[in-house]
Structures are given as C-alpha cells and as structure tokens.
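Following: one structure in structure tokens, then a few remarks.
Residue numbers (this note's numbering): 3 to 252.
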C-alpha cells in the first residue's frame, strides 16, 4: 500500500532480474538508494521486488557488517567482498543493505573504496542479474558525487496519505479477522495519524482495536478503565521534510 511512484520505478527494472531479462540502457543497472524515515517500508520494497521476480533476497544491516567482522576478528572490507561474492552466486538476486550510509560515509577510507568498488562490479558479467537496494533514514548531503553515481536512481518514500492510511488499517483489521469496528472508529485513527509511518499506525491499531477485540473474542472482560478513548489517540506530528529530500529526489 502506498509508495506508488517508488513502485513504478522499481517495476522498470524488474525484468532485469529474470534469468532471460534484458535492460534497455547503455549499461546494466547496479541498484537504488531509497531514503525515508524508519517504519515506512523501505526494506519491504526491496523484498517485494525480489518476490515479484522470484529472485533471491539477501538483507544486511551495514552496522552489523562492520561489528560482526570486528567480533569475528576479520577485516570489514573482507566481509563486504564476501557478501557481494556470495550474492553474485545467487543470481538473480536483490541485495538489501540497511543504513548503507555507515559504509558509504565510513571514516575508514578503505571501507568506502571497497563498497564502491563492489557496487561498480555488479553485473559486469552478462550472466549476472543482481540489484543492490541501499536504504537510509535520511538522504545525506555529504554523499559525494562518486557515491551518487553508483546508484541508478535515488528514490524517496514519505508518510502515507489519508487514503493510504485508511486502506492500510482496513487491510490489517481484515487480516486479523476483526469486523466489529465502525467506520467512524477507523476514521478517527486515519485523521489523527497524519505524518506518521506505517509501523506506528500498525502499533496504534493493535493497541486500540486488535487487542481489545481479541480479548472479547476469547471471553475476557474488558473493564471501562481498560478501554481507550479513540478520540484522544495522539496529536498529529509535524511533517519531517528536509530541503535535501526535495532537492535530490529524481
């Protein structure tokens, strides 16, 4: 649900991930950089791309790559090379690296050079069909041009619209088989969760609707003191939008 513009961009490259896929461009694609607040489903977009194309999905957190290498008494650069080497053998594949700025902007220049070199090495072999999807919480103005040039597209994802929030809540309640809620109650959540992420909206829906309804279904008594006033859920937050979001989205 939502992120329609991001989905359209990713669909253009989906055929490349098929074993017999082709890409209409001067060079084979390397991947994308997706930026947006936590809880908006950046990783789910990468996973969905892999699922739609029947590709292998490999996911890492950039911070874990560094720390795991240190604890294993090996070089982070060696770990990065190992990850990319293994992913290439799983072709077609989607490699998702969360918090990728920890590698791209690392103080260790060797780590920077290694990750950039590995990205550039993707799909030089025509038999390879691997896409990197790097995700970051906020687009970094500090990214130098050589980093930006490694990615085919820079994609921004933002808080869901009113219609997207309503659709998300109804879909979640349907999955939980909760049908006793009025449209007015659902609309209360929709109105008061402006600017919030999917993750927060889901948590709020669980606390206000899913858990009480599940308790009633199981024959448990919900006292008046345990009921939640849905008209005073939470005050809408101010939108989080930096100038860099508008400047660099393309």
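Note that beta-carbon positions come from the ideal geometry of N, C-alpha and C, so glycine has one too. Since we're looking at a predicted model, the values are computed, not measured.
Checklist line | Reduced DSSP category for residue 36 - H, G, I as helix; E, B as strand; rest coil | finding: strand
Checklist line | Classification of residue 8 by the beta-carbon crowding that lies within 10 angstroms, buried from 16 upward | finding: buried
Check: In whole angstroms, what separates the C-alpha of residue 12 from that of residue 72?
Finding: Rounded to whole angstroms, residue 12 to residue 72 spans 34 Å at the Cα level.
Next item on the list: For the stretch 76-95 and the stretch 113-122, state whether three or more C-beta atom pairs, one from each stretch, are separated by less than 8 Å.
Entry: yes
Checklist line | Whole runs of the alpha helix (DSSP H) within the stretch 83-131, excluding any shorter than 4 residues | finding: 103-106 and 111-122
Item checked: residue 158 beta carbon less than 9 Å from that of residue 38 -> yes
Next item on the list: Can you check DSSP and say which residues form a bridge with residue 62?
Entry: 99
Checklist line | Residue span of the beta strand (DSSP E) that contains residue 158, given as start and end | finding: 155-158
Next item on the list: Determine the burial state of residue 191: buried for a count of at least 16 other Cβ atoms within 10 Å of its Cβ, exposed for fewer.
Entry: buried
Check: What are the residues that DSSP puts in a beta bridge with residue 136?
Finding: 35 and 99
Next item on the list: Alpha carbon to alpha carbon, how far is residue 42 from residue 76? Give it in angstroms, no decimals.
Entry: 34 Å
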